[in-house]
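Novice:
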Amino acid sequence: MEINAAAVTTEQLQQDYELMAAAFSTRQDYVTATRYSSFDTENRFTYYSQLAASTPHASTSLMKLALSLVKGLRFSSPTKSLTKEFTAWSDHVNFFEQAYTLASLLPMNGTYAGITTGTAAELRLQHLLMPTVTLVPPGQKLGEGDNGTVLTGPIDRVIINETDDENRVVLKASQVVYGSFNAHLKKQPDILNRNTFGIYGTSLFESIELSIRNLLTIDSGYVSFVRKYGQGRYVYDFKMLYDAVIQKGMSPQKAQEFVDAFMEKHKYLQANEDIAGVGIDVKELDASGSLDVMAFKKSLETNIQIGLFQSPLTMGDSKGSTYAAGYVAEEDRMLVLEGLQRIVRDILQQVVDKRLLLMGKQPGTVSIELEQLSIPALTLGDLLELYNTSAINKTTFDRVLSERFGISVLEEASK
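When we follow my numbering, the leftmost residue of the sequence shown carries the number -11, and every step to the right adds one.
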């Protein structure tokens, strides 16, 4: 039995009872307490986008990944005039932003589909909304659900709103810019729950889904705890009154009156004010809870970052990392990213080839180039040393100076 500010009746004080902190605790799933009241797990592409936006550890990691993949985007052609023309076109239509969006959507969805619109001068890449898109092989009946078979490539048609007869759009595979990541890793369902293999790729969010959901649960639970118990609140244990009531030296009613008067006097404590009393034990309520989840929370955050090819170091957490260890880890990470970067480059090349056809040029005469991510660190001093020792010629010096340091050499000065 305990007398405290929450005791309100004599009958309660006369009963022998135990205080069990978790006796009437309730469990609430996190999705009802976050801004996502419900995740759409029926459409996996919608689900991936919700997971990506639900925590900055996912959204920022995905953004950094995409920016890394399209870093140093440029055009290369044996014909210098074509290179200049494509560079001017890219600046005009903001092609880098379109490439960046592609590099975000591919890792998130595992599959990318888009179409090109406009003339050669105004050609733009329009991204298709994957939650509405189906990729079907030859002979597949439109609108037909899962019939127990596994659909395999090649892709014959790309369909938007397949189940909507009025708004359905059917595109030939040749009209679509398409790419996938790890499409042959396992079977993947489409939005109509038809099993496919070799058509849809694997989303990076499949491996970190549970980590994201657990992180949201922890965040929501901690916020609810602080909202309920607050910061800087106190627990008052009136030990002397407790003993007096037990020994019949004071009635429970009288003890409760004293508790009420004491609480009324001290309910508005100001900063640096003390609590003076005899037989009263005052403790601050622990707002961190009885369970320290910070280490687990940290591990979940790291899992999310690693799942999106980031590391704590690249996310700004350098605690406990030496320069040498960080350099080796970053170099290894870049080697892995180059495989995904190659897929992104091949998809972007489809856009370039479509524009070349519109210009009456042969596909492949202009190629997309992206910065080699695992390239060793090079300072301007190193570059000058290589040139001064004749390790590289003037043409290579000018090209690297432009690509790595953004310094363009004037043609007249280089003659």
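Beta carbons are placed, not taken as given, at the ideal position from N, Cα and C, and that holds for glycine.
(1) Count the other CB atoms within 10 Å of the CB of T184; is the residue buried (16 or more) or exposed (fewer)?
(2) Among L328, P351, D341 and M347, which residue has its Cα nearest to the Cα of L55?
(3) Hey, could you find the ends of the beta strand (DSSP E) N155 is sitting in?
(4) Assuming contact is defined by CB atoms lying nearer than 8 angstroms, are T140 and G186 in contact in what I supplied?
(5) Going by DSSP, which residues form a beta bridge with R112?
(6) Considering only C-alpha positions, which residue in the set Y166, T75, M118 and H80 is nearest to R32?
(7) Just curious, the beta strand (DSSP E) that L123 is in, first and last residue?
(8) Give the DSSP-derived three-state secondary structure of V81 in the structure shown.
(9) Roughly how many whole angstroms lie between the Cα atoms of E391 and L130?
(10) In or out: V146 buried (at least 16 other Cβ within 10 Å) or exposed?
(11) Check the C-beta distance from I356 over to G167 and give it rounded, since I have them as a contact under 8 angstroms.
(12) Return the chain-ordered list of same chain residues with a C-beta closer than 6 angstroms to the C-beta of A10, the five sequence neighbours on each side being excluded.
(13) Could you round the C-beta distance between F41 and S47 to whole angstroms and report it? I think they count as a contact, below 8 angstroms.
(14) N181 and D134: beta carbons closer than 8 angstroms?
(15) Can you give me the C-alpha to C-alpha distance between L389 and L371, rounded to a whole angstrom?
(16) Going straight from the alpha carbon of R62 to that of K160, what length do you get?
(17) Exposed or buried, which one is G267 when buried takes at least 16 other CB atoms within 10 Å?
(18) Starting from the C-beta of E245, find all residues in its chain whose C-beta is less than 8 angstroms away, skip the five residues before and the five after it, and write them out in chain order.
Specialist: Reading it off the structure:
(1) buried
(2) L328
(3) Annotation for N155: no beta strand (DSSP E) segment contains it, and DSSP assigns it neither H nor E.
(4) The Cβ atoms of T140 and G186 lie closer than 8 angstroms to each other.
(5) T105
(6) M118
(7) Under the DSSP assignment, L123 falls in the beta strand (DSSP E) whose first and last residues are V121 to V124.
(8) helix
(9) Answer to the nearest angstrom: the Cα atoms are 48 angstroms apart.
(10) buried
(11) Between G167 and I356 the Cβ distance is about 13 angstroms, and since that is not below 8 angstroms, they are no contact.
(12) Low per-residue confidence applies at A10: pLDDT is 30, beneath 50, and the placement is therefore not dependable, though the value from the model is reported in the following sentence. So no residue of the chain qualifies.
(13) A small correction: the amino acid at residue 41 is Ala; Phe does not occupy that position in the sequence shown. For A41 against S47, the beta-carbon gap comes to about 6 angstroms, under 8 angstroms, which counts as contact.
(14) yes
(15) 8 angstroms
(16) 29 angstroms
(17) exposed
(18) none
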